Amino acid sequence: MLGDGNIFELGKWMYTYRDANGRVKKEYLEGMETFMHQEDSTQLAQESATFFWFDNWLEVGKLLDITGEQGTRYLGILRTAKHDQGDYKGFFSASRTWDQLKETREKVDWSTVVWFTQAVPRFSFINWLAIKNRLSTGDHMRVWSLQQECLLSGEKNETRDHLFFACPYSYMVWIRVTGRLFGTRITPDWQDTVVKIQYDRRSKLDKVLVRMVFQMTVYHVWKERNARRHGKAWIPLEKLPSQIDKTMRNIITSLRYSYGDKLEGLMRCLFEVTI
Ligand SMILES: [Zn+2]
Numbered sequence: 003m004l005g006d007g008n009i010f011e012l013g014k015w016m017y018t019y020r021d022a023n024g025r026v027k028k029e030y031l032e033g034m035e036t037f038m039h040q041e042d043s044t045q046l047a048q049e050s051a052t053f054f055w056f057d058n059w060l061e062v063g064k065l066l067d068i069t070g071e072q073g074t075r076y077l078g079i080l081r082t083a084k085h086d087q088g089d090y091k092g093f094f095s096a097s098r099t100w101d102q103l104k105e106t107r108e109k110v111d112w113s114t115v116v117w118f119t120q121a122v123p124r125f126s127f128i129n130w131l132a133i134k135n136r137l138s139t140g141d142h143m144r145v146w147s148l149q150q151e152c153l154l155s156g157e158k159n160e161t162r163d164h165l166f167f168a169c170p171y172s173y174m175v176w177i178r179v180t181g182r183l184f185g186t187r188i189t190p191d192w193q194d195t196v197v198k199i200q201y202d203r204r205s206k207l208d209k210v211l212v213r214m215v216f217q218m219t220v221y222h223v224w225k226e227r228n229a230r231r232h233g234k235a236w237i238p239l240e241k242l243p244s245q246i247d248k249t250m251r252n253i254i255t256s257l258r259y260s261y262g263d264k265l266e267g268l269m270r271c272l273f274e275v276t277i
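Using my numbering, read the sequence shown as starting at 3 and increasing by one per residue.
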């Protein structure tokens, strides 16, 4: 427990907890309340403790490049923030302080799509930015008089909704990795997809699987888009789905070590879907 203190809202998405002396103790991102109540959130806390704007902790580049210059303002964290400064060390830390926020904040609908026990922090974070439509896609770059067409298909107007998954490239990837999970319910529409994942009424394992695949597809498509933007080697359409699949298997395997047999079925489920 952090003791007596107050919760302040920083911008729309970010909340900070200050102690009685006004010192920042913890900061939270909108939508994490569901996650905060899960027992296994310590893993997220540890893995994300290195966060800061110029670090490549997401493995898709600097956060500053991903969110654009305005990102620091949107997230309410100073550009000069360093991960070794006490104030930011606990950026994602789980704490019961969230209980206090719950009283004043309405739960956001998409929360469980982004934050869940089996999620990997860097995938969750890119997803969170995508859901908030704060990735630095072409439409956001136009504010700075920069022109950015879709690097995956050549479409003139690069937007979040185009990339996920109205773009022929990413939609084909999405179909390949989730075709069997979604069946005829698969759609190129971003909003539709998020809502379908959010209100998935199938078994728990199916739900976890769909959320993981969704996060990884968004992450990998965004990573590929950035690689092309920075002149790195392209991954052809045929290869990206197998990369996502491989990442899925690796993560599920590592989860089995942490969670024991609880997730045994997840691996079985994945093989049933992709074989
Ligand atoms: Zn495209």
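No residue lacks a Cβ here, since even glycine has one placed at the ideal position from N, Cα and C. Quick caveat, the model's predicted, so the values are computed rather than measured.
Buried or exposed: residue i, going by 16 or more other Cβ atoms within 10 Å of its Cβ?
i    : result
V145 : exposed
N129 : buried
H164 : buried
R2   : There is simply no residue 2 to check, as the chain begins at 3 and stops at 277 in what is shown.
H232 : exposed
R204 : exposed
D111 : exposed
R187 : exposed
T180 : buried
How is the alpha helix (DSSP H) around residue i delimited, first residue to last?
i    : result
P170 : 170-184
A229 : 206-231
L131 : 123-133
T114 : 113-116
Q2   : The structure shown has nothing for residue 2, since the chain only spans 3 to 277.
Please classify residue i: does DSSP put it in a helix, a strand, or coil?
i    : result
P238 : coil
S138 : coil
Q1   : Residue numbering for the chain in the displayed model covers 3 to 277; residue 1 lies beyond these limits and cannot be assessed.
I254 : helix
G267 : helix
R203 : coil
L148 : coil
L165 : helix
So with Cβ pairs under 8 Å, would you call residue i a contact of chain C?
i    : result
G267 : Annotation note: the requested chain C is absent from the structure, which comprises a single protein chain.
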